[in-house]
Amino acid sequence: MKKHNNKSSAFLMVAFAIVFFIIAGRFIYIETAETVEGVDLQKWAEDIRTSSYEIDADRGKIYDKNGMVLAYDRPTYRIYAIVDPEYSANLDPPRHVTDPGETANKLAPLLDIEASEIRKTIEEGQENERFQVEFGSSGRSISQETKEEIEELELNGIAFKQESKRYYPNGKFASHVIGFARSQDGNINGVTGIEKQMEEHLQEEKGKISYERDKYGTKLLDPNQVMTEPENGNDVHLTIDQKIQTFLEDALSQVDEQYSPEKIMAAVMDPDTGEILAMSNRPSYNPNDIGEVDNWYNDIVSYTFEPGSTMKIFTWAAAIEEGVYKGSDMFKSGTYKVPGHTIGDHNNGEGWGPISYDEGFQRSSNVASSKIALEVLGPTKLRKYLTDFHFDEKTGIDLPNEKNGRFVFNKPSEQATTSFGQGSTFTAIQLMTAATSVANEGKMMRPYMLSKITSSETGEVLKENKPEEIGQPISESTAKQVRDLMGTVVTSEQGTAQSFKLDDYTLAGKTGTAQMIENGSYLTGRNNYIFSFMGMAPKEDPELLMYVAVQQPDLEVTELGSEPVSYITRTVLENSLHYMDIQPDKEVDESVSPLTIPDVIGNGTSTAEDELKQTFSNVEVIGNGGEVTAVLPQPGSKVVENQRIMVITDKPTMPDLTGYSARDVHRLVKHFNLNIETMGNGFVEKQSIPEGSSIKEGGYLVVELAPPREE
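Residue 0 is where the sequence shown starts when you use numbering that gives the first Met the number 0, and the numbers rise one by one after that.
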């Protein structure tokens with residue numbers, strides 16, 4: 000028995016020794032070897048004791064042409080609750096949630112979540128032995144103000160993580176143009192509009208810090224710290240002018256509310272350069288709170304449609320350029336038969352009897368346009384000119400999702416209908432691009448939205464767009480003749496655009512009424528049209544080119560389809576031209592000898608007033624100071640006798656603006672650097688800053704305008 004026990008003991012000792020030497024050998028091997036089973040032990044150890052974290056960088060900002068910020072990164076916060084008691088070991092006060100009920104009750108009103116839901120989230124985290132919990136979408140994108148309110152509650156275990164969120168300070172302002180960017184997995188990426196188009200320039204690169212630490216998280220004395228510097232995105236500057244864009248947005252919102260149309264498209268361009276100064280659509284959306292979006296596309300560049308009679312601008316221009324147009328030649332309006340089709344004028348084909356081609360343009364005669372296309376000019380030459388106007392290609396505007404229209408131009412009936420904007424389809428930006436040639440002495444300019452890209456760190460210009468001439472389909476003389484003809488559409492008794500007249504500026508324009516197709520057939524009913532207008536002002540040397548289209552507005556029986564379009568056009572062009580300090584060209588009646596305003600600046604107020612009243616019948620002193628600091632209009636200006644002359648004293652106060660024209664109000668606003676919002680057209684009836692109030696630079700003035708009342 001004893002011998003058996005000795006054998007067992009010896010066996011165990013040998014087995015133990017073998018295991019010991021295997022383990023010891025393994026330890027020696029691990030200690031001396033660089034890799035074990037393909038694993039670099041040194042690197043593995045460094046990875047285990049290395050901590051790293053990202054350093055945030057900012058996405059580039061988007062600016063308007065004057066340096067106003069349209070999009071930037073705003074810091075927001077994500078709230079979380081630490082629920083692991085071990086995190087608070089030997090700590091006073093504790094750093095984890097100790098009372099879920101109290102915490103939930105205090106957080107609920109600030110996070111807009113039910114207290115029971117918050118408590119359930121915390122308690123489930125504790126039961127599942129989680130370290131921390133979050134509270135879904137309601138716990139993200141928390142503002143600085145809300146964060147500070149929560150911190151004042153001094154709740155155990157509640158902490159925050161800072162994140163960046165793309166913010167658009169003007170809400171719906173140019174939303175289809177600017178687009179929006181979305182935060183995902185800690186990064187902000189462009190989804191639509193300029194945010195997507197300029198992603199490579201706007202995109203930031205986060206930095207990173209890594210270092211070695213001990214098991215308690217304390218940095219080692221020699222931590223082998225590595226740091227990659229963050230790189231902010233570059234800044235994008237657009238050609239949009241915030242002021243003109245605001246005029247446009249306000250006008251569109253008012254028409255949208257009053258007429259509930261299916262769509263509105265509108266844009267304002269500098270025809271000399273191709274710069275887009277304003278562009279907007281309805282329906283729109285707020286990029287700060289997306290919600291349900293009815294239309295993601297920027298219809299100005301992405302929606303192809305039959306444009307209607309605005310197309311006649313280019314049909315007439317082609318005939319004039321070719322030298323075959325005689326405006327005084329007569330034709331019989333009403334109906335015009337082509338093979339397989341009868342074309343009728345818009346007054347149910349009744350027409351206006353024999354009229355001239357000039358009058359046909361003013362009345363927007365489809366028969367006149369068809370006869371020019373098929374007889375006067377000929378379809379082959381018309382098609383050639385439409386190609387010269389670039390109607391069969393995209394404009395190349397630097398916005399995403401630009402579409403190209405489609406020509407339907409094979410049969411005589413299709414050639415005729417294309418001449419007056421039916422059958423063939425185009426985008427609004429194609430129409431505007433072609434129209435730059437009429438406004439710009441025959442030169443056609445490429446439209447563009449990106450002004451320049453600058454370094455967000457140094458301000459250095461990295462890329463800059465320049466105006467680009469893309470063709471000259473017509474001559475300078477033809478462009479002037481077409482503008483003059485478009486001017487008569489606004490001023491003549493038979494013109495279709497009489498309601499579009501501006502108060503202070505001459506306007507050249509053309510209306511359009513395009514039928515809507517559904518299931519292969521044109522819709523009927525007085526509302527089922529796209530009502531549009533292409534206009535440029537001032538007529539002789541246009542500073543602005545504008546296109547407006549309103550689709551299927553809800554009209555009253557007494558209302559015309561041109562009313563919502565003319566409201567937008569008048570409001571935006573009149574206010575924008577005054578804002579740009581363009582001299583009104585309707586100010587001086589050519590039949591009256593203009594008078595020159597003398598220079599009385601620096602004179603005593605009474606002396607200056609007496610001198611001006613010897614010549615002018617409408618002199619008004621602004622304020623009660625004893626010395627004249629300015630005169631509006633400026634000394635040296637040519638005006639008529641009844642022009643309102645404003646004498647600005649060294650102690651100016653707000654005058655009673657009742658009866659002021661929009662022109663006079665804008666002069667006053669510009670002089671005192673006020674912000675202004677105008678409602679309506681005509682003369683001032685109400686003002687937001689009371690008479691006699693001090694005038695503060697940068698103040699906000701709202702005026703309501705109305706036409707003069709009839710007796």
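Every residue, glycine too, gets a C-beta built ideally from N, C-alpha and C.
Keep in mind it's a predicted model, so treat the numbers as computed, not measured.
Residues bridged to residue i by DSSP?
{"i": "R73", "result": "K164"}
{"i": "T595", "result": "K637"}
{"i": "Y699", "result": "N674"}
{"i": "T453", "result": "D234, V460"}
{"i": "Q131", "result": "I81"}
{"i": "Q514", "result": "Y528"}
{"i": "S279", "result": "A265"}
{"i": "H200", "result": "In DSSP, H200 forms no bridge with anything."}
{"i": "Q686", "result": "V702"}
Going straight from the alpha carbon of residue i to that of residue j, what length do you get?
{"i": "T75", "j": "S163", "result": "6 Å"}
{"i": "R708", "j": "H175", "result": "Low per-residue confidence applies at R708: pLDDT is 41, beneath 50, and the placement is therefore not dependable enough to give any value."}
{"i": "T334", "j": "R525", "result": "21 Å"}
{"i": "K214", "j": "V13", "result": "Note on K214: pLDDT 49, under 50, position unreliable in the model; no value is reported."}
{"i": "M535", "j": "V564", "result": "14 Å"}
{"i": "G347", "j": "N365", "result": "Checking the displayed sequence, the identity of residue 347 turns out to be Asn instead of Gly. Roughly 11 Å separates the two Cα atoms."}
{"i": "T272", "j": "E116", "result": "58 Å"}
{"i": "N297", "j": "A433", "result": "19 Å"}
{"i": "P552", "j": "S279", "result": "17 Å"}
{"i": "F159", "j": "G66", "result": "33 Å"}
{"i": "Q161", "j": "V300", "result": "38 Å"}
{"i": "V587", "j": "A661", "result": "Any reading at V587 must be qualified, since the residue scores a pLDDT of 47, below 50, and its modelled position is unreliable; the value itself is stated next. Each residue's alpha carbon lies about 16 Å from the other."}
{"i": "M310", "j": "A317", "result": "11 Å"}
{"i": "S474", "j": "A277", "result": "28 Å"}
{"i": "V489", "j": "Y566", "result": "14 Å"}
{"i": "D72", "j": "R58", "result": "6 Å"}
{"i": "D255", "j": "E291", "result": "18 Å"}
{"i": "I141", "j": "G124", "result": "22 Å"}
Compare the beta carbon distance of residue i and residue j with 8 Å and say whether it is the shorter of the two.
{"i": "L430", "j": "P306", "result": "yes"}
{"i": "D503", "j": "K585", "result": "yes"}
{"i": "I354", "j": "S332", "result": "yes"}
{"i": "M485", "j": "K509", "result": "yes"}
{"i": "A548", "j": "A427", "result": "yes"}
{"i": "A56", "j": "K205", "result": "yes"}
{"i": "V701", "j": "V683", "result": "no"}
{"i": "S450", "j": "K60", "result": "no"}
{"i": "I621", "j": "P651", "result": "yes"}
{"i": "R139", "j": "R77", "result": "yes"}
{"i": "H236", "j": "T453", "result": "yes"}
{"i": "F419", "j": "R382", "result": "no"}
{"i": "P270", "j": "Y384", "result": "no"}
{"i": "M645", "j": "S692", "result": "no"}
{"i": "L543", "j": "V267", "result": "yes"}
{"i": "L398", "j": "M448", "result": "yes"}
{"i": "F425", "j": "T303", "result": "yes"}
Between residue i and residue j, which are expected to be in contact by the criterion C-beta below 8 Å, what is the C-beta distance as a whole number of angstroms?
{"i": "V437", "j": "A496", "result": "The Cβ separation is near 15 Å, so there is no contact."}
{"i": "G404", "j": "F390", "result": "7 Å"}
{"i": "P446", "j": "P338", "result": "Going by Cβ atoms, the distance from P446 to P338 rounds to 38 Å, so no, they are not a contact pair."}
{"i": "S137", "j": "L110", "result": "5 Å"}
{"i": "I716", "j": "V68", "result": "One cannot answer for residue 716 here, as it falls past the ends of the chain, which runs 0 to 710."}
{"i": "N574", "j": "F246", "result": "5 Å"}
{"i": "E203", "j": "G189", "result": "Between G189 and E203 the Cβ distance is about 12 Å, and since that is not below 8 Å, they are no contact."}
{"i": "P632", "j": "I596", "result": "6 Å"}
{"i": "E626", "j": "T648", "result": "7 Å"}
{"i": "A103", "j": "I177", "result": "Contact doesn't hold; Cβ gap of about 39 Å is too wide."}
{"i": "D387", "j": "Y356", "result": "No, D387 and Y356 are not in contact; Cβ-Cβ is about 21 Å, not under 8 Å."}
{"i": "G494", "j": "T487", "result": "6 Å"}
{"i": "T314", "j": "S363", "result": "With a Cβ gap of about 12 Å, T314 and S363 do not count as contacting."}
{"i": "A80", "j": "Q131", "result": "6 Å"}
{"i": "Q642", "j": "F615", "result": "7 Å"}
For residue i, report the span of its alpha helix (DSSP H) as first-last.
{"i": "R569", "result": "561-578"}
{"i": "V437", "result": "427-438"}
{"i": "M485", "result": "475-490"}
{"i": "E123", "result": "114-126"}
Taking the beta strand (DSSP E) that residue i falls in, what are its first and last residues?
{"i": "Y335", "result": "334-337"}
{"i": "P353", "result": "353-355"}
{"i": "T628", "result": "627-631"}
{"i": "S182", "result": "180-183"}
{"i": "L544", "result": "543-550"}
{"i": "A330", "result": "The residue you asked about is not Ala; residue 330 is Phe in the sequence shown. First-last of the beta strand (DSSP E) with F330: 329-331."}
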